[in-house]
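Engineer: Take a look at this one; I'll ask things after.
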């Protein structure tokens, strides 16, 4: 039992820090940790991770909102696409072998860590100039649909992909992109978690509660730090945490 609590603490800490710093989906950390160390079926682990994401993202979004770093108006269009396709992704994932989902979660953790370290999102003072309102709506809807499909299917990568779409495609500056991302992830994670628990078996309540609580605590701490720290520092810290975790998980899984 103590070992399970320790694993949930580490998973929640990593997930909360990633959520608060960079709007990353908690499933990126929690899923591979539960799968690798506690032998939780991948589909169940993804459901627990998505449920942990709900309150953590909501608390982070509230912190960013206090500094005006959330674009509700333009983020709403993307949220609609995310929510619709998250349901589709959750349904499709029921047809995928358990090992495939687990392996993807492990590899994704390492790749995201390396991305943050070597290709940090440091754009600032970018605007949404260029293109008509209709084009921006179309970009947001298409980007949100792709993100929702991946988030529901794999339970990972949704927050990171959303961040990339908001900064690269739609031209948001980083902190507004993170704030908008965690706001949308609150609802996409809730949709994904409900669909996972409806389509699959109920999760272990003890693991669910532990992951939710630890993720929530660390997300609140990280979000408060993130609103004051430089963007490059946030990228480096998140990248180091995910890279170390990814290397450990890959070694345990494949060696």
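Numbering (my numbering), first residue to last: 24 to 278. Don't be surprised by glycine CBs; every beta carbon is placed ideally from N, CA and C.
Are the beta-carbon atoms belonging to residue 53 and residue 72 less than 8 Å from one another?
Structural biologist: yes
Engineer: Provide the residue span of the alpha helix (DSSP H) that contains residue 201, from first to last.
Structural biologist: 197-222
Engineer: Could you tell me whether the stretch 60-69 touches the stretch 186-201, where touching means 3 or more Cβ pairs closer than 8 Å?
Structural biologist: Result no; under three Cβ-Cβ pairs closer than 8 Å.
Engineer: Let's test the definition: count the other Cβ atoms within 10 Å of the Cβ of residue 147 and tell me whether it reaches 16, buried, or not, exposed.
Structural biologist: Low confidence applies to residue 147: its pLDDT is 49, below 50, so where it sits in the model is not reliable, and the reading given next is rough at best. Per the 10 Å Cβ criterion, exposed.
Engineer: Report the rounded CA-to-CA distance for residue 150 versus residue 253, giving the unit in angstroms.
Structural biologist: Because the pLDDT at residue 150 is just 48, under 50, the model does not fix this residue reliably, and the value given afterwards should be weighed accordingly. Distance between the alpha carbons of residue 150 and residue 253: 19 Å.
Engineer: Starting from residue 60 and walking both ways along the alpha helix (DSSP H), at which residues does that stretch end?
Structural biologist: 50-61 is the span of the alpha helix (DSSP H), which, as asked, contains residue 60.
Engineer: Using alpha carbons as the reference points, say which of 210, 33, 101, 139 lies closest to residue 263.
Structural biologist: Comparing Cα-Cα distances from residue 263 to each of 210, 33, 101, 139, the minimum goes to 139.
Engineer: Which one of 200, 237, 274 has the shortest CA to CA distance from residue 27?
Structural biologist: 237
Engineer: Less than 8 Å separating the beta-carbons of residue 39 and residue 245?
Structural biologist: yes
Engineer: What number of angstroms, rounded off, separates the C-alpha of residue 170 from the C-alpha of residue 75?
Structural biologist: 18 Å
Engineer: Do the stretch 194-204 and the stretch 85-94 touch if we need at least three Cβ pairs shorter than 8 Å?
Structural biologist: yes
Engineer: Go through its chain and collect everything with a Cβ distance to residue 226's Cβ below 8 Å, but skip five positions before and after it.
Structural biologist: 67, 70, 71, 74, 220
Engineer: What first and last residue would you give for the alpha helix (DSSP H) that runs through residue 77?
Structural biologist: 65-89
Engineer: Could you tell me which of 247, 268, 34 sits nearest to residue 201, measuring between CA atoms?
Structural biologist: Nearest of 247, 268, 34 to residue 201, Cα basis: 247.
Engineer: Considering Cα atoms alone, identify which of 134, 49, 47 is closest to residue 271.
Structural biologist: 134
Engineer: Can you list, in chain order, the residues of its chain with a C-beta nearer than 8 Å to that of residue 230? Leave out the 5 residues immediately preceding and following it.
Structural biologist: 27, 31, 57, 61, 63, 71
Engineer: Starting from residue 237, trace the alpha helix (DSSP H) both ways and give me its first and last residue.
Structural biologist: 228-249
Engineer: In three-state DSSP terms, what is residue 101?
Structural biologist: Residue 101: helix per DSSP, three-state reduction.
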